[in-house]
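A short write-up of the structure that comes next.
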Amino acid sequence: MVRLPTRSADWRLMGRTARLVVTIPAYAVVALLGALLALSVFVASLNVTLVVDTLSLPIGTTAKVETLLSLYPFVGAAYTPIQGGLLVVVALALGVNVAMLAYHFRENGLSLQQGGTSAVGAVLGALGAGCAACGSAILLGVLSLLGISTSLLWLPLDGLEFALVALVVVFLSTYWLADGMRGGEINGCPVDL
Amino acid sequence: MCLVCDEGGNPAKEFEGRGQQGGMNERTRRGFLSSAVAGAAVTAGCLGSGGGSGAGGDDTDTATVIQEGSSDVSFDHPSATGINDQPTLGDRGRQGVIVAFEDPSCPTCRRFNQNTLPRIRSDLVATGDAAYVLRGYPVVYPWGEPASHALEATFDRDPAAMWALKRHYFDQQGQFSMDNVLDRTATFLNGNTEVDGDAVVADVESDAYADAVQVDLDAGEAAGASGTPTFYLFRDGEYQTTVSGAQDYTVFENVLTG
């Protein structure tokens, strides 16, 4: 039976486990690198051609770096503050999730379900980033394939709904990881409250 | 108030255009005016009368500098098919050329038009470094399609009015729907330009400009545009890269002039 984090104790367990993992320096680095990688994949997935071409364009190194950095939220203009904030939150959550995944894998072994859920979260996060930036065109295409009238479509966040779903999936994955680590110790501290 | 004026403050027809000969669907390029004017940087922000569309300008338009007599070019890229018939800011013969695929109903296109395009106009087009070519790509919300037809119909009558209508679509984007897009288009054109808005709506309803819209759609699909806005950047006649989304001005500046 699939457990969901419905009680406050579940969220405390999740928070405590995540905190214990990222207080280990090596896993903090893993979390940060994971978050950075996730964010980079999000933004690069929208402009693969530009990213690849920029490396070979006949422009200066500074211009190349500037161009690539401007693709990130809060550096360039591609995202609204809400979109950018949400993407950063998804990336950070994914980074922590990856650190917990790495810890769990190294210390306790990894269940297929937990790893799979993280992957789903990453895919949804990327789709959310893409959808937000392309004006829902991807979603419209998907919906039209399913025979859903696009005139009925109303996305107040212009596609960032996917990123919100990704956040939910990542949180679920994090909860299941924390649940699986129950009874153990991280950095000398018990996971259970 | 004029949209585009020459250095003397006189309204000028600076937009490259295409005219009508033998019917609305027959696309031929509008004859360009005197070459003596071509190449002269023009600045807007003036108060003037006569000529042009009389479409209301604002700070965005006053920052626009557009040259007349845009050159015919031939780029070896699908996005540039029929490029010489498209609405253009600046001369296509310049070092940099941006071919933009936009949808009036696309929220990301709105942000690009409000945040990035003004700087492209003032710092790349106005300085003579680049040209901006507009192509309609109505793929987001349904009302974007009749709006794109209306832009084509307006462009044939008065290019300056077309740019004003495009800005109106983005400025008031949240107010538009499939039910009101034609009424609001006619109201705007009748009230703010010298273009007959009712005639434009009649053309939209009769699909008089379906071919023109389809040319853009075909070009976008052939080029691989998967959403809007999508930009194809050319430098010295050579394709450089593709940009998706409401990206920062820095991206365009670096690729075209860096």
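Chains as they are written, first to last, in the working numbering: chain A, -10 to 182; chain B, 9 to 266. Note that the Cβ used here is the ideal one computed from N, Cα and C, for glycine as well.
Taking DSSP as the reference, what is the three-state secondary structure of B:V141?
-> Taking the second sequence and counting its residues from 1, one reaches residue 141 of chain B at position 133. Strand.
Which residues, taken in chain order from the stretch 41 to 59 of chain A, show a beta carbon closer than 8 Å to some beta carbon of chain C?
-> Here chain C cannot be found, since the structure's protein chains are A and B.
If you measure beta-carbon to beta-carbon, which residues of the stretch 148 to 173 of chain A are closer than 7 Å to chain B?
-> If the cut-off is 7 Å between Cβ atoms, the stretch 148 to 173 of chain A has nothing near chain B.
Please name the residue or residues paired with B:F242 in a DSSP beta bridge.
-> For this step, residue 242 of chain B is matched to residue 234 along the second sequence. B:F242 is bridged to B:V105, B:Y247.
Can you give me the start and stop residues for the alpha helix (DSSP H) that B:P146 sits inside?
-> For the purposes of this step, residue 146 of chain B is taken as residue 138 along the second sequence, with counting starting at 1. Segment: none, B:P146 is in no alpha helix (DSSP H) and carries neither H nor E.
Taking only beta-carbon positions, decide if A:A7 is within less than 8 Å of chain B.
-> Position 18 of the first sequence, counting from 1, holds the residue named residue 7 of chain A. It does not: the Cβ of A:A7 has no partner Cβ on chain B nearer than 8 Å.
Given 8 Å as the limit, is there contact between the stretch 213 to 222 of chain B and the stretch 152 to 160 of chain B, that is, 3 or more CB pairs closer than that?
-> yes
Proximity of B:R118 and B:F184 at Cβ, strictly below 8 Å | Taking the first residue of the second sequence as position 1, residue 118 of chain B is located at position 110. Taking the first residue of the second sequence as position 1, residue 184 of chain B is located at position 176. For B:R118 and B:F184, no; Cβs fall outside 8 Å.
Hey, would you say B:S79 sits closer than 8 Å to B:D99, going by beta carbons?
-> Here residue 79 of chain B corresponds to residue number 71 of the second sequence, with the count starting at 1. Here residue 99 of chain B corresponds to residue number 91 of the second sequence, with the count starting at 1. With a cutoff of 8 Å on beta-carbon distance, B:S79 and B:D99 are scored as near each other.
As assigned by DSSP and simplified to three states, the class of A:L149 = Counted from its first residue, the first sequence places residue 149 of chain A at position 160. Residue state, collapsed to three classes: coil.
Residues bridged to A:L161 [DSSP beta-bridge criterion] = Taking the first residue of the first sequence as 1, we reach residue 161 of chain A at position 172. Its beta-bridge partners do not exist; DSSP assigns none.
Could you pull the start and end residues of the alpha helix (DSSP H) that A:G172 belongs to?
-> Taking the first sequence and counting its residues from 1, one reaches residue 172 of chain A at position 183. Premise fails: A:G172 is in no alpha helix (DSSP H) and is neither H nor E.
Using a Cβ-Cβ cut-off of 8 Å, state whether A:N86 counts as contacting chain B.
-> By 1-based counting over the first sequence, the position of residue 86 of chain A is 97. It does not; no Cβ of chain B falls within 8 Å.
Any beta-carbon of chain B closer than 8 Å to the one on A:G124?
-> On the first sequence, residue 124 of chain A is found 135 positions in, with the first residue counted as 1. For A:G124, the predicted model reports a pLDDT of 40, less than 50, meaning its position is unreliable and no value from the coordinates is stated.
How should B:E246 be labelled, buried or exposed, when 16 other C-beta atoms within 10 angstroms of its C-beta is the threshold for buried?
-> What you label residue 246 of chain B is simply residue 238 of the second sequence in a count that begins at 1. That one is exposed.
Quick one, which of B:N121, B:T96, B:V223 has its alpha-carbon nearest B:Q180's?
-> Sequence index remark: in the second sequence, residue 180 of chain B carries index 172 (1-based). With distances taken between Cα atoms, B:Q180 lies closest to B:N121.
Inspect the beta-carbon positions of B:G152 and B:D224 and report whether they are closer than 8 Å.
-> By one-based count along the second sequence, residue 152 of chain B stands at place 144. By one-based count along the second sequence, residue 224 of chain B stands at place 216. Not a contact, by the Cβ cut-off of 8 Å.
Give me the Cβ distance between B:G265 and B:D137, rounded to the nearest whole Å; I'm assuming they're in contact under 8 Å.
-> For this step, residue 265 of chain B is matched to residue 257 along the second sequence. For this step, residue 137 of chain B is matched to residue 129 along the second sequence. Here the sequence assigns Thr to residue 265 of chain B, which means Gly is not the residue at that position. So it is a contact: roughly 5 Å between Cβ atoms.
Measure the CB-CB distance between A:H93 and A:M3 and report whether it falls below 8 Å.
-> If you number the first sequence from 1, residue 93 of chain A lands on position 104. If you number the first sequence from 1, residue 3 of chain A lands on position 14. No, these two residues do not count as a Cβ contact at 8 Å.
Pair within 8 Å by beta-carbon distance, B:Q248 and A:D42 | Counted from its first residue, the second sequence places residue 248 of chain B at position 240. Counted from its first residue, the first sequence places residue 42 of chain A at position 53. Cβ distance < 8 Å, so B:Q248 and A:D42 count as in contact.
From B:A134 to B:Y149, what does the alpha carbon distance come to, in whole angstroms?
-> Residue mapping note: residue 134 of chain B aligns to position 126 of the second sequence, counting from 1. Residue mapping note: residue 149 of chain B aligns to position 141 of the second sequence, counting from 1. The straight-line gap from Cα to Cα measures roughly 32 Å.
By Cβ distance, which residues of its chain are closer than 6 Å to B:L132, with the 5 residues on each side in sequence left out?
-> Here residue 132 of chain B is taken as the residue at index 124 of the second sequence, counted from 1. Correct list, in chain order: A138.
Name the one or two DSSP bridge partners that B:T96 has.
-> As a position in the second sequence, residue 96 of chain B is number 88, starting the count at 1. Answer by DSSP bridge pairing, in chain order: B:V141.
Option in A:V87, A:L60, A:A155, A:V154 with minimal Cα separation from A:V10 = Taking the first residue of the first sequence as 1, we reach residue 10 of chain A at position 21. Ranking A:V87, A:L60, A:A155, A:V154 by Cα distance to A:V10 puts A:V87 first.
Neighbour list for A:V67 in chain B, Cβ cutoff strictly below 8 Å | Sequence index remark: in the first sequence, residue 67 of chain A carries index 78 (1-based). Per the sequence presented here, residue 67 of chain A reads as Ala, with Val not at that position. Ordered by position in chain B, the residues that pass the 8 Å Cβ test against A:A67 are G253, A254, Q255, D256.
Do you know how far the Cα of A:V79 is from the Cα of B:D226?
-> Numbered from its first residue, the second sequence carries residue 226 of chain B at position 218. Numbered from its first residue, the first sequence carries residue 79 of chain A at position 90. Roughly 36 Å between the two C-alpha positions.
Compare the C-beta of A:L28 with all C-beta atoms of chain B and state if any pair is closer than 8 Å.
-> Stepping through the first sequence from its first residue, residue 28 of chain A is reached at position 39. Answer no: the Cβ-Cβ gap between A:L28 and chain B never drops below 8 Å.
Under 8 Å between C-beta atoms of A:N36 and B:S252 = Mapped onto the first sequence, residue 36 of chain A falls at position 47. Mapped onto the second sequence, residue 252 of chain B falls at position 244. Taking 8 Å as the Cβ cut-off, A:N36 and B:S252 qualify as a contacting pair.
Closest to A:V32 by CA distance: which of A:V77, A:A15, A:L161 is it?
-> One-based indexing of the first sequence puts residue 32 of chain A at position 43. Answer by Cα proximity: A:V77.
Excluding sequence positions up to five away, which residues of its chain have a Cβ less than 7 Å from the Cβ of A:L81?
-> Start at 1 with the first residue of the first sequence, and residue 81 of chain A comes out as number 92. Closer than 7 Å at the Cβ level, and outside the excluded window around A:L81, lie A24.
Using three-state DSSP, classify B:S252 as helix, strand or coil.
-> For the purposes of this step, residue 252 of chain B is taken as the residue at position 244 of the second sequence. The answer is strand: DSSP assigns B:S252 an E or B state.
What separation, rounded to the nearest whole angstrom, lies between the Cα atoms of B:D166 and B:A231?
-> Within the second sequence, numbered from 1, the residue matching residue 166 of chain B stands at position 158. Within the second sequence, numbered from 1, the residue matching residue 231 of chain B stands at position 223. C-alpha separation (whole angstroms): 28 Å.
Backbone CA spacing between A:L142 and A:S162 [nearest angstrom] = The residue given as residue 142 of chain A occupies position 153 in the first sequence. The residue given as residue 162 of chain A occupies position 173 in the first sequence. Its pLDDT being 47, under 50, A:L142 is placed unreliably in this model, and the coordinates cannot settle the point.
Using a threshold of 8 Å, state whether the C-beta atoms of A:A27 and A:L90 are closer than that.
-> Taking the first sequence and counting its residues from 1, one reaches residue 27 of chain A at position 38. Taking the first sequence and counting its residues from 1, one reaches residue 90 of chain A at position 101. For A:A27 and A:L90, no; Cβs fall outside 8 Å.
To which residues of the same chain is B:S61 closer than 6 Å at the C-beta, ignoring the five residues directly before and after it?
-> Your numbering for residue 61 of chain B matches position 53 in the second sequence. Low local confidence applies: a pLDDT of 41 at B:S61 is under 50, so the model's placement there is unreliable, and no value is given.
Can you give the beta carbon distance from B:V189 to B:P154, rounded, assuming they're within the 8 Å contact cut?
-> Looking up residue 189 of chain B in the second sequence gives position 181. Looking up residue 154 of chain B in the second sequence gives position 146. With a Cβ gap of about 5 Å, B:V189 and B:P154 count as contacting.
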